[in-house]
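Novice: Before I ask anything, let me first share the structure, which is written out below as structure tokens.
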Amino acid sequence: MTPKLKKRLSVILSVLAVLVIAGFIYVRTHPLVFNESFLEHAHCMVGGGQSLSLYAHDHAGRFPYHTNGYGDALVMMDSGWDAALTGPGYDAAVFARVRRTGEDAPESEFGRVYVQGLSETNDPEIALLFDKMPTPGGDHCHFLARIFAPLAREVWTLGSDRRVIRESEWPAFAERQIELLVAAGIAPEQAERYYSEQPKK
């Protein structure tokens, strides 16, 4: 190998090493981009929403309700769509554990907030299920598009509509949703509690 070729090879290997290290650092410092939703929608909002709709269809138009909170209401469904009800950054382990042990389902272990106490006759604009944690482009945004996508949350409405709400629009969306919930008969404190839930750290 000539000295010139050796030098070129050394430069190429050095550049590759820097790119690999920079790539590793980027992946580690951007967990919302490179989570379980990077390659596929791991928490299908449509699947979660439709499983809630099927439950209501089978229960005189009423969505699941549990006095211990929405976590227990979601566990009651046992529809096979557990991952769709958990949300980005969370897993479905809570479902199996609660069904096995009979313990209460802590809402803090669910990545999607479920608004209970509603029926199919309520305003179709009401968000029935929504992500606690904003992610780049939402769960349906994949691959390199996630790197450039703005933070957003996915929402499922009573009208069976999946929406993606940018985080910059979330405060106004939440305010309007609280108004809709109060108009539907949900106590103001409970309506505000749904929209003040924080994702796990």
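Following the numbering used here, the numbering of the sequence shown begins with 11 at its first residue and continues without gaps. Beta carbons: idealized from backbone N, C-alpha and C, even for Gly.
Which ranges would you report for the alpha helix (DSSP H) in the region 90-139 if only whole runs of at least 4 residues count?
Specialist: Counting only runs of 4 or more, we get 92-96 and 103-111.
Novice: Do you know offhand how far Pro134's Cα is from Leu190's?
Specialist: Counted from its first residue, the sequence shown places residue 134 at position 124. Counted from its first residue, the sequence shown places residue 190 at position 180. Answer to the nearest angstrom: the Cα atoms are 10 Å apart.
Novice: Is it right to say Pro198 is buried, meaning 16 or more other beta carbons lie within 10 angstroms of its own, or is it exposed?
Specialist: Position 188 of the sequence shown, counted from the first residue, corresponds to residue 198. Exposed.
Novice: Roughly how many angstroms separate the alpha carbons of Leu49 and Leu154, rounded to a whole number?
Specialist: Here residue 49 is taken as the residue at index 39 of the sequence shown, counted from 1. Here residue 154 is taken as the residue at index 144 of the sequence shown, counted from 1. Any reading at Leu49 must be qualified, since the residue scores a pLDDT of 49, below 50, and its modelled position is unreliable; the value itself is stated next. Approximately 10 Å, taken between the alpha carbons.
Novice: Spatial neighbours of Thr96 within its chain, please: CB distance less than 7 Å, with the 5 preceding and 5 following residues excluded, ordered by chain position.
Specialist: By 1-based counting over the sequence shown, the position of residue 96 is 86. These residues qualify, in order along the chain: His53, Ala102, Phe120, Gly121 and Arg122.
Novice: So, at 6 Å on beta carbons, what are the nonlocal neighbours of Arg18 in its own chain, with the 5 sequence-adjacent residues on each side left out?
Specialist: Taking the first residue of the sequence shown as 1, we reach residue 18 at position 8. The answer is none, since no qualifying residue turns up.
Novice: Counting only the same chain and skipping the five closest in sequence on each side, list residues whose C-beta sits under 8 Å from that of Val192.
Specialist: Numbered from 1 along the sequence shown, position 182 holds the residue referred to as residue 192. Excluding positions up to five away in sequence, the list reads Pro198 and Ala201.
Novice: Report buried or exposed for Ala83, applying the criterion of at least 16 other Cβ atoms within 10 angstroms of its Cβ.
Specialist: For the purposes of this step, residue 83 is identified with residue 73 of the sequence shown, where counting begins at 1. That one is buried.
Novice: Find out if the Cβ-Cβ distance for the pair Val165, Arg176 is shorter than 9 Å.
Specialist: Walking along the sequence shown from the start, residue 165 turns up at place 155. Walking along the sequence shown from the start, residue 176 turns up at place 166. No, these two residues do not count as a Cβ contact at 9 Å.
Novice: Does the beta-carbon of Gln208 have 16 or more other beta-carbons within 10 angstroms, so that it is buried, or is it exposed?
Specialist: The residue you call residue 208 lines up with position 198 of the sequence shown. Under this definition Gln208 is an exposed residue.
Novice: To the nearest whole angstrom, what separates the beta carbons of Val7 and Val85, a pair I think is in contact under 8 Å?
Specialist: The structure shown does not extend to residue 7, since the chain is modelled only from 11 to 211, so the question has no answer here.
Novice: Would you kindly work out how many angstroms separate the C-alpha atoms of Tyr100 and Val174, rounded to a whole number?
Specialist: On the sequence shown, residue 100 is found 90 positions in, with the first residue counted as 1. On the sequence shown, residue 174 is found 164 positions in, with the first residue counted as 1. Cα to Cα, Tyr100 sits roughly 19 Å from Val174.
Novice: Given Met55, which residues of its chain have a CB within under 6 Å of its CB, disregarding the five upstream and five downstream residues?
Specialist: Numbered from its first residue, the sequence shown carries residue 55 at position 45. Taken in chain order, the residues that qualify are Glu164, Trp166 and Arg172.
Novice: Could you check where the beta strand (DSSP E) with Ala184 kicks off and where it finishes?
Specialist: Locating residue 184 in the sequence shown gives position 174, counting from the first residue. Note, Ala184: premise wrong, no beta strand (DSSP E); alpha helix (DSSP H) at Trp180 to Ala193.
Novice: When you compare only the Cα positions, how much space is there between Tyr204 and Thr111?
Specialist: Against the sequence shown, residue 204 aligns to sequence position 194. Against the sequence shown, residue 111 aligns to sequence position 101. Cα to Cα, the separation comes out at about 26 Å.
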